[in-house]
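Okay, so here's the structure we're looking at.
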Amino acid sequence: NGDDTESVGGAQFTLRGPTPGQSPFFDQPQLLPRTIRYFIRHPALSYWFAPSYVGSFSQSPRPDENVRESFSELAVALQQLSSTAEPEPELIWRSLSPFLVDTSGNAHRSELNIEKLWNPYLPGRGCLGLVECRAFRMPPDAERAAAIAALLRAITAMLSREDSAPALVNWSSELHDRFALPFYLRQDLEQVLEDLASAGFGLGKPIMQHLLDNAMHHIGHTEAGGCRLEVDHAIEFWPLLGDAASQESGSSRLVDASTRRIQLILRPANDDPGDLQDWQLSAGGYRLPMRTERDERGILLVAGLRYRSFVPWIGLHPGIGKQSPVVLTLIPPPGNGNALRVTLHEWQPQDEPYDGLPETLEEAEKRRQERFVVEHLPAGSIAEVTEPPDEAVTGYCLDLRRCAQTVSN
Numbered sequence: 042n043g044d045d046t047e048s049v050g051g052a053q054f055t056l057r058g059p060t061p062g063q064s065p066f067f068d069q070p071q072l073l074p075r076t077i078r079y080f081i082r083h084p085a086l087s088y089w090f091a092p093s094y095v096g097s098f099s100q101s102p103r104p105d106e107n108v109r110e111s112f113s114e115l116a117v118a119l120q121q122l123s124s125t126a127e128p129e130p131e132l133i134w135r136s137l138s139p140f141l142v143d144t145s146g147n148a149h150r151s152e153l154n155i156e157k158l159w160n161p162y163l164p165g166r167g168c169l170g171l172v173e174c175r176a177f178r179m180p181p182d183a184e185r186a187a188a189i190a191a192l193l194r195a196i197t198a199m200l201s202r203e204d205s206a207p208a209l210v211n212w213s214s215e216l217h218d219r220f221a222l223p224f225y226l227r228q229d230l231e232q233v234l235e236d237l238a239s240a241g242f243g244l245g246k247p248i249m250q251h252l253l254d255n256a257m258h259h260i261g262h263t264e265a266g267g268c269r270l271e272v273d274h275a276i277e278f279w280p281l282l283g284d285a286a287s288q289e290s291g292s293s294r295l296v297d298a299s300t301r302r303i304q305l306i307l308r309p310a311n312d313d314p315g316d317l318q319d320w321q322l323s324a325g326g327y328r329l330p331m332r333t334e335r336d337e338r339g340i341l342l343v344a345g346l347r348y349r350s351f352v353p354w355i356g357l358h359p360g361i362g363k364q365s366p367v368v369l370t371l372i373p374p375p376g377n378g379n380a381l382r383v384t385l386h387e388w389q390p391q392d393e394p395y396d397g398l399p400e401t402l403e404e405a406e407k408r409r410q411e412r413f414v415v416e417h418l419p420a421g422s423i424a425e426v427t428e429p430p431d432e433a434v435t436g437y438c439l440d441l442r443r444c445a446q447t448v449s450n
């Protein structure tokens, strides 16, 4: 449908020394515990560069996406290592390896993979002193890959000198709510870059521009009465269908990918829209609760929206029908112009599939643009906006699936 996406293969970045015995994780025995705490503190390192499929059942789950008891025990392990003056390589590996796994216990599927750090049970390649960072999509070019490598090297150098995350953060529900939205991930990544600069490991403007670029996730934008609406892809955490362990022997795992999440931002355009709080944005006829935030461009309103984009052949919630295309309505305060209706189509506006892949970048761009349909509405033609049910609203998102009243096939 013209969307920009990463290649099917993911990317891994490996941190190690010139020899196993010269690994930075052994030269500085507290480096790995600090790295774990720092990555947990900064979800941008897990999600900003990641492929489409992230979360508990993905190829690179975080330690705090495992079961609650596991995360609680990780805190004990980190405390024990911190109180040990010179832990040996095998003690570091044994202490942390049970927690850097996915929900089925697979050590290869972990955001920070240490199965080749100092693992005596992996003959020939288990004791290499290396850590693999796996939460990365395939970079679009060599410059982006080099920028990510520079970021990881700088974080490692910083943490070898100081503990920038002394306490283990428990994000709880905010992890998959607040940090599903690119706005908050970008803020978090900017904080990481500030940490590096303060520690003397600033990366410089060209590298930072590569790291902060997220243009591929932009869906579209429009303006009305001095108010700008921006729509971006956000992160959705697709659940596994069935038992995780029972699917380990296969080459793939079955997930329900029918839920989509987008980010919606209202901000002043070139003209003064007045008080942004006087504007309303609805989705599917329900008012979107929006949070007031600020970035380098000024004040803004932000919200996430979840909806069912298609009905899977096998999946969750058989009683909830397709909720796409999503219809957004931007309603100005009285006397500030006409309302806008924005329809977000998954495929062609005629609800037909495309005839093959786009042959050029220009054709891909054309497909994306034609699926973002903007119409002006006279004030008298706006349907009444309904308050969403409480159970459909989280701190950062409205879930249209929980507003569904009818069963659709």
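Residue numbers for the sequence shown follow this note's numbering, so the first one is 42 and each next one is one higher. Glycine included, C-beta positions come from ideal geometry on N, C-alpha and C. All figures in this text were calculated on a predicted structure; none of them were measured in a lab.
Residue burial annotation: methionine 331 is buried, with at least 16 other C-beta atoms found within 10 angstroms of its C-beta. In this structure phenylalanine 67 is in contact with glycine 170, their Cβ atoms being roughly 6 Å apart against a cut-off of 8 Å.
Assignment of glutamate 203 by DSSP, reduced to helix, strand and coil, places it in the coil class. Looking from the CA of aspartate 236, the closest CA among Ser138, Leu141, Asn379, Ser205 belongs to Ser205.
The three-state reading of DSSP puts glutamine 53 in strand, counting E and B together. Cysteine 444 and leucine 163 have their C-alpha atoms some 50 Å from each other.
Only residues of its own chain outside the window of five on either side were considered, and among them Ala275, Gln304, Val343, Gly345, Tyr437 have a CB closer than 7 Å to the CB of leucine 222, listed in chain order. For the 7 Å CB-CB criterion, leucine 357 and alanine 265 do not form a contact. Per the coordinates, the alpha-carbon of lysine 157 lies some 6 Å from the alpha-carbon of cysteine 168.
In the DSSP assignment, alanine 85 falls outside any beta strand (DSSP E) and within the unbroken alpha helix (DSSP H) covering 85-88.
Around the beta carbon of methionine 199, a 10 Å sphere encloses 16 or more other beta carbons of the protein chains shown; the residue is thus reported as buried. Cβ contact annotation for arginine 150 (same chain, cutoff 6 Å, sequence separation greater than five): Gln100, Asp143, in chain order. In the structure shown, aspartate 273 adopts extended strand secondary structure according to DSSP, grouped into three states. An exposed status is given to proline 161, since fewer than 16 other beta-carbon atoms sit within 10 Å of its beta-carbon. For serine 323, the enclosing beta strand (DSSP E) covers residues 321-324. Under the 10 Å beta carbon count, arginine 109 is surrounded by fewer than 16 other beta carbons and is classified as exposed. Taking the C-beta atoms as reference points, cysteine 174 is found nearer than 7 Å to phenylalanine 54.
The Cβ atoms of glutamate 152 and arginine 103 sit closer than 7 Å to each other.
By the neighbour-count criterion, in which 16 or more other beta carbons inside 10 Å mark a residue as buried, histidine 417 falls on the exposed side. Excluding sequence positions up to five before and after tyrosine 94, its CB lies within less than 8 Å of the CB of Gln100, Trp279, Val296, Ala298, all in the same chain and listed in chain order.
Looking at the DSSP output, proline 309 shares a beta bridge with Cys268. Within the same chain, Ser64, Leu169, Gly170, Leu171 come within 7 Å of arginine 57 by CB-CB distance, once the 5 residues on both sides are set aside. When only Cα atoms are considered, alanine 183 and isoleucine 248 end up about 12 Å apart. With a contact defined as Cβ atoms closer than 8 Å, proline 430 and leucine 439 miss out at about 10 Å. For threonine 125, no alpha helix (DSSP H) encloses it, and the DSSP letter there is neither H nor E. By the neighbour-count criterion, in which 16 or more other beta carbons inside 10 Å mark a residue as buried, serine 422 falls on the exposed side. Within the same chain, Cβ atoms closer than 6 Å to the Cβ of leucine 230 are found at Ala85, Trp89, the five residues on either side in sequence being excluded.
Boundaries for threonine 46: no alpha helix (DSSP H) harbours it, and the DSSP string shows neither H nor E there. A residue is called buried once 16 or more other Cβ atoms fall within 10 Å of its Cβ, and serine 124, having fewer, is exposed. Of the other Cβ atoms in all chains shown, 16 or more fall within 10 Å of the Cβ of glutamine 71; this residue is therefore buried. In terms of Cβ geometry, isoleucine 133 and leucine 73 form a close pair [threshold 7 Å]. Under DSSP, glutamate 334 takes part in a beta bridge, and its partners are Leu341. Aspartate 316 and leucine 322 have their C-alpha atoms roughly 14 Å apart. Here the alpha carbon of isoleucine 77 sits roughly 18 Å from the alpha carbon of phenylalanine 220.
Membership of threonine 370 in the beta strand (DSSP E) is indicated by the continuous run 367-372.
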